[in-house]
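Below: one structure, written as structure tokens.
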Amino acid sequence: MKEPHLSDQAVFDRALDDLVGLDPRLAPLVAVAGRPALRRRPPGFAGLAAVVVAQQLSVASARAIFGRLELTLGGPPSVEAMLAATPEALRAAGLSAPKIRTLTGIARALAAGEEDLDRLAGLPADAAAEALTRLPGIGLWTADIYLLFCLGRADAFPHGDLALQVALGDAFDLGGRCTPIGLKAIAEDWRPLRGVAAHLLWAYYGARRARQGAPA
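Position 88 of the sequence shown, counted from 1, bears residue number 88 in UniProt numbering, the numbering being contiguous throughout.
Written as structure tokens, this is what we have:
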């Protein structure tokens, strides 16, 4: 099976059906969570900046900070605007010192031609993630989230994501949270649709938490 490009909800829904066909153990998750909505963000530096801003933050906090960052930069983040912004202005927008270092470091690397974000669309998901991790401050989680949300790569899979580990441990009755290594190994059965499985596991995690009375 060829990795599809998750360009819209209809493509995602077909990929979800294919995924459940690959692993019928996932059918009960769809019954609990429903059919997840496809998450997409713009590609390029603006999308990568949004992923960096969202690291270790709630969705609401990330949105608020990113909105202030856009106001500070006069629009969606660009390499040029990021390099022109002062550290003081970026801090006033709500960025932490590590995130300022990461975003300015990425902007410098892209301006110097050390990486071209556009070329990543043509690479296998794992190779594209590895290329992204060569940028300053980018780990595998951030790389995989960028590939999945910004490029629509159906096989990108952030196995280090805590919610995915908890969801799979619950769904497969593993007696607790699945380890990152275990999650990565199980996800091999889902290639080339691991990113579709990630969407389903996030939706399942949210549905289960909502039923338990906690905010999803």
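Each residue gets a CB set at the ideal place from its N, CA and C atoms; glycine is no exception. Remember, it's a predicted structure, so these values are computed and weren't measured experimentally.
Assigned with DSSP and collapsed to three states, His5 falls in strand. Judged by beta-carbon spacing, Arg14 lies beyond the 8 angstroms limit of Gly152, meaning their Cβ atoms are not closer than that value. Between Pro192 and Ala154, the CB-CB gap stays under 8 angstroms. Counting of Cβ neighbours within 10 angstroms places Ala210 among the exposed residues, the total staying below 16. Under the DSSP definition of a beta bridge, Arg153 partners with His5. Inter-residue distance for Ala85 and Ser61 is about 21 angstroms (C-alpha atoms, whole angstroms).
Boundaries for Leu95: no alpha helix (DSSP H) harbours it, and the DSSP string shows neither H nor E there. Annotated three-state conformation of Gly169 is helix, per DSSP. Uninterrupted alpha helix (DSSP H) stretches at least 4 residues long and entirely within the UniProt domain "HhH-GPD" (53–206) occur at 59–73, 79–84, 87–92, 97–111, 125–132, 140–145, 162–171, 180–187, given in chain order. Between Ala187 and His159, the gap from beta carbon to beta carbon is short of 8 angstroms.
Annotation: the continuous alpha helix (DSSP H) that includes Ala27 extends over 27–33. The beta carbon of Leu90 sits closer than 6 angstroms to the beta carbons of Ile100 from its chain, once the five residues preceding and following it are set aside; these are given in chain order. Arg40 carries a coil assignment under DSSP once its states are collapsed to helix, strand and coil. By the Cβ rule, the segment 199–207 counts as touching the segment 164–174, because three or more pairs are nearer than 8 angstroms. Out of Arg63, Gly122, Asp118, Ile138, the CA that lies nearest to the CA of Gly105 is found in Ile138.
Of all C-beta pairs linking the segment 17–29 to the segment 41–54, fewer than three are shorter than 8 angstroms, placing the two stretches out of contact. For the set Tyr204, Tyr146, Ala37, the Cα lying nearest the Cα of Ala125 is the one of Tyr146. Taking C-beta separations shorter than 8 angstroms and ignoring five residues to either side along the sequence, the partners of Gln9 in its chain run Ala37, Leu38, following chain order. Residue state for Asp23 is assigned as coil, using DSSP reduced to three classes. Rounded to the nearest angstrom, the gap between the Cα atoms of Ala93 and Leu29 is 39 angstroms.
A straight line joining the alpha-carbon of Leu123 with that of Pro136 spans about 20 angstroms.
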